[in-house]
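Protein chains: 2
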Amino acid sequence: MTNPTAAMIVIGDEILSGRTRDANMYHLAGQLTNHGITLAEVRVVADDPDAIVAAINETRGKYTHVFTSGGIGPTHDDITADCVANAFGVGIDIRDDARAVLATNYENGAADLTSARLRMARIPDGALLIDNAISKAPGFTVENVHVMAGVPNIFASMLEWLLPQLAKGETIFSATVRVDWPESAIADPLGIIAKKYPQLSVGSYPFFQEGAYGANLVVRGTDADAVAAAEADIKSAFVK
Amino acid sequence: MTNPTAAMIVIGDEILSGRTRDANMYHLAGQLTNHGITLAEVRVVADDPDAIVAAINETRGKYTHVFTSGGIGPTHDDITADCVANAFGVGIDIRDDARAVLATNYENGAADLTSARLRMARIPDGALLIDNAISKAPGFTVENVHVMAGVPNIFASMLEWLLPQLAKGETIFSATVRVDWPESAIADPLGIIAKKYPQLSVGSYPFFQEGAYGANLVVRGTDADAVAAAEADIKSAFVK
Chain C
1 MTNPTAAMIV IGDEILSGRT RDANMYHLAG QLTNHGITLA EVRVVADDPD
51 AIVAAINETR GKYTHVFTSG GIGPTHDDIT ADCVANAFGV GIDIRDDARA
101 VLATNYENGA ADLTSARLRM ARIPDGALLI DNAISKAPGF TVENVHVMAG
151 VPNIFASMLE WLLPQLAKGE TIFSATVRVD WPESAIADPL GIIAKKYPQL
201 SVGSYPFFQE GAYGANLVVR GTDADAVAAA EADIKSAFVK
Chain W
241 MTNPTAAMIV IGDEILSGRT RDANMYHLAG QLTNHGITLA EVRVVADDPD
291 AIVAAINETR GKYTHVFTSG GIGPTHDDIT ADCVANAFGV GIDIRDDARA
341 VLATNYENGA ADLTSARLRM ARIPDGALLI DNAISKAPGF TVENVHVMAG
391 VPNIFASMLE WLLPQLAKGE TIFSATVRVD WPESAIADPL GIIAKKYPQL
441 SVGSYPFFQE GAYGANLVVR GTDADAVAAA EADIKSAFVK
C-alpha cells in the first residue's frame, strides 16, 4: 500500500481519567479510511507539555499527516498551540488573520476580544489556519501537523474543511462476513485464505453475544477484485 | 502524585480503520481511576509486529503497568503473545497450565484441543496467567505488562480478576461543575483558581449543545479537602 499514512494525537486528561468517552478517534478513523489515508497509530496523552511535544515529534516524521484534537481553547489548560510551536521550534503569537476571524464571532467584533479570547488567536509562526464554521476560533496546520479542537462537532467541522485539501489515497475496499462459529473453528481455513491474498488485510474480530461465540471476518485492501474474491472464498468456507 | 502509573496499548486494526468504536479504553480508564492508578497514555497500534513490540518496549520502562487489549485469539492475525515474548526477549510455547485451563472450555476436554485452539495456550516464558471467566483462554502478565483479550466483556472480566491484585494508589477525588457560559468568559478567574490549588488538576471541557456554549469544570486530586474547596470556589465564581 502506498496510501498516505496518519497518526492521531488526542490531548485529553478527561479521556485518560475515564470521565469522557472519546468520539473524535472513531470519527477521524472512518473519515480517513474513506479518503484513502491509512490511520496507523493513535496516541492519547495527558494535558502535559512534555508528553504532547514528544508525541508530536515522534509521529510527525513517521507519517504523512498528524491530526491532533483538543487543547486549543481559551483556558489555562489549553496548551496545545504552545506545544506545537515548541515541537517545531518556532515562535507563537497573536496573529492578525486569526484575530480577525475570531472577532466575527462576537457582537461587537474586535472590541469584544478579551485577553482570554485572544488566547485563541495565538498561532505558531508559519501555520496555515483551519476554518471553524461553528465557533470561529481557528485550528491550524504546521507542516504536516493539523491541530483541531476537541469538542466533537467542532472537530468534525474542521475536518470536513481540511480533508478535501489533502491528497487522497487509493480507495480502500472492505467486506465483512459475520460467522456464528467460534474463532478456533475457522482459524485454519481462514489463515489459508489470508495467505492466498497477501495484498489484503484479513482480520477476524470475535464477539461473544447472548452466550454464543462468533466473529466478523473483515477483508480490506485497495484491490477491489481481490476483496470480492476473498469475500466469496470466506462465504463458501464458512457460511452455509 | 505518587500513585502508580499506567499505559494502555490497544491492538486494533479494526479501530484504526473506523470499523469499530473502542470500548476497552473507556472501561479501563474508569477502573484504573477508581483503583488510584493514573492512566498516563494510551496507544492504538495496528496488527503489525514491529509496531506492537515498539509500543510495549517504549511504555513498559516508563510506567508502573502496561495493559494491552486484543490479538490473543486463535486466528492468524492474533500475534500479541508472540510480540510480547519478542519484546521481552523470552521464548514462547504451549504451556501445560494454560492448556489445562483451556481444555475445561470444551466438551471432551483436552481431546478437543485442535491446533488452532492450542494457539491460545501459547504463553511467553515466565508469564503469570490471567483468569478468563468467560471463555477460559487465559491472558497473562510478563513483568509489568498485562495482556488481555479485545472482546469487551472478556477484557472486563480479566481486568476484574487482575485489578484487585495490583497495589492501589491513593483515592482520586473529583468534582464536576457544569457552567453554561462560554469558556472565554470563565478562563481568567478559572486560571486563578487553578493556581490556588497546585496539588489539583483543574480542567475545562467545553461543549456546544443546542446552539449554546458551556463547559464542564473538573477538579481532580488525592486531597479531598482541596477538591471540595476548589469546587466551592468554582461554584461561587460561576454558578448563580
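Going line by line, the protein sequences match chains C and W.
Using my numbering, the first residue of the first sequence is number 1, and each one after it goes up by one.
Using my numbering, the first residue of the second sequence is number 241, and each one after it goes up by one.
Ideal Cβ positions, reconstructed from N, Cα and C, are used throughout, including at glycine.
Given residue i as reference, the closest of the options once Cα atoms are compared
i	options	result
residue 269 of chain W	W/428, W/367, W/305, W/285	W/305
residue 120 of chain C	C/96, C/26, C/126, C/219	C/96
residue 321 of chain W	W/257, W/417, W/354, W/368	W/368
residue 263 of chain C	C/185, C/48, C/212, C/201	In the structure displayed, chain C extends from 1 to 240; residue 263 of chain C sits before or after that span and is not available.
residue 71 of chain C	C/190, C/223, C/15	C/15
residue 39 of chain C	W/292, W/408, W/279, W/253	W/253
residue 262 of chain W	W/274, W/249, W/366	W/249
residue 164 of chain C	C/34, C/27, C/24, C/2	C/34
residue 385 of chain W	W/398, W/479, W/307, W/373	W/307
residue 260 of chain W	C/167, C/24, C/180	C/24
residue 17 of chain C	W/411, W/284, W/370, W/380	W/411
residue 409 of chain W	W/462, W/350, W/380	W/462
residue 234 of chain C	C/192, C/224, C/83	C/192
residue 240 of chain C	C/204, C/225, C/180	C/180
residue 379 of chain W	W/242, W/398, W/244	W/398
residue 406 of chain W	W/301, W/242, W/283, W/276	W/276
residue 401 of chain W	W/372, W/377, W/383	W/372
residue 244 of chain W	W/300, W/292, W/267	W/300
residue 125 of chain C	C/27, C/195, C/83, C/73	C/83
residue 377 of chain W	W/271, W/338, W/352	W/338
residue 387 of chain W	W/313, W/291, W/290	W/313
residue 50 of chain C	C/32, C/194, C/79	C/79
C-beta atoms of residue i and residue j nearer than 8 Å
i	j	result
residue 246 of chain W	residue 303 of chain W	yes
residue 315 of chain W	residue 200 of chain C	no
residue 175 of chain C	residue 219 of chain C	yes
residue 494 of chain W	residue 309 of chain W	The requested residue 494 of chain W is not part of the displayed model; chain W covers only 241 to 480.
residue 77 of chain C	residue 47 of chain C	yes
residue 455 of chain W	residue 423 of chain W	yes
residue 177 of chain C	residue 281 of chain W	no
residue 187 of chain C	residue 356 of chain W	yes
residue 466 of chain W	residue 437 of chain W	yes
residue 141 of chain C	residue 130 of chain C	yes
Near the ligand NAP: residue i beta-carbon under 7 Å from a heavy atom
i	result
residue 230 of chain C	You won't find the ligand NAP in this model; it holds no ligand whatsoever.
Opening and closing residue of the alpha helix (DSSP H) in which residue i lies
i	result
residue 289 of chain W	289-299
residue 340 of chain W	336-343
residue 66 of chain C	No alpha helix (DSSP H) contains residue 66 of chain C, which is instead part of the beta strand (DSSP E) from 65-69.
residue 187 of chain C	183-196
residue 152 of chain C	152-162
residue 26 of chain C	24-34
residue 326 of chain W	320-328
residue 116 of chain C	115-118
Residue range of the unbroken beta strand (DSSP E) whose run includes residue i
i	result
residue 201 of chain C	201-209
residue 129 of chain C	128-130
residue 176 of chain C	173-179
residue 406 of chain W	No beta strand (DSSP E) contains residue 406 of chain W, which DSSP labels as neither H nor E.
residue 258 of chain W	Neither: residue 258 of chain W is in no beta strand (DSSP E) and is coded neither H nor E.
residue 471 of chain W	First-last for residue 471 of chain W: 464-478, but that is the alpha helix (DSSP H), not the beta strand (DSSP E).
residue 457 of chain W	452-461
residue 316 of chain W	Per DSSP, residue 316 of chain W belongs to no beta strand (DSSP E) and is neither H nor E.
### Task
Could you name the residues of the stretch 277-293 of chain W whose beta carbon sits closer than 9 Å to any beta carbon of chain C, in the order they occur along the chain?
278, 279, 280, 281, 282, 283, 284, 285, 286, 287, 288, 291
### Task
Please confirm if the stretch 214-233 of chain C is in contact with the stretch 360-373 of chain W, defined as three or more CB-CB distances below 8 Å between the two stretches.
no
### Task
Determine, using beta-carbon pairs with one atom in the stretch 148-165 of chain C and one in the stretch 445-464 of chain W, whether at least three such pairs fall under 8 Å.
yes
### Members of the stretch 438-449 of chain W near chain C, C-beta cut-off 8 Å
441, 442, 443, 444, 445, 446, 447, 448
### Message
To be precise: take each residue of the stretch 66-87 of chain C, compare its Cβ to all Cβ atoms of chain W, and keep it if any distance is under 7 Å. Which residues remain?
### Response
73, 74, 75, 76, 77
#### Entry: Contacting positions in the stretch 256-274 of chain W - beta carbon closer than 9 Å to chain C
256, 257, 258, 259, 260, 261, 262, 263, 265, 266, 267, 268, 269, 270, 271, 272, 273, 274
### Message
Can you pull out the residues from the stretch 90-113 of chain C whose beta carbon lies closer than 7 Å to at least one beta carbon of chain W?
### Response
none
### Message
Tell me which residues of the stretch 140-160 of chain C have at least one Cβ-Cβ distance to chain W shorter than 7 Å, keeping chain order.
### Response
151, 153, 154
### Message
Any C-beta of chain W within less than 7 Å: which residues of the stretch 176-201 of chain C qualify?
### Response
183, 184, 187, 188, 190, 191, 194, 201
### Query
Taking any Cβ of chain C, which residues in the stretch 357-375 of chain W have a Cβ under 8 Å from it, in chain order?
357, 359, 360, 374, 375
### Message
Whether or not the stretch 85-93 of chain C and the stretch 50-63 of chain C are in contact is what I'm after, with contact meaning three or more pairs of Cβ atoms, one per stretch, closer than 8 Å; do they touch?
### Response
yes
### Proximal residues, the stretch 245-256 of chain W versus chain C, C-beta separation under 7 Å
253, 254, 255, 256
### Query
What residues in the stretch 457-472 of chain W have a beta carbon less than 8 Å from any beta carbon of chain C?
458, 460
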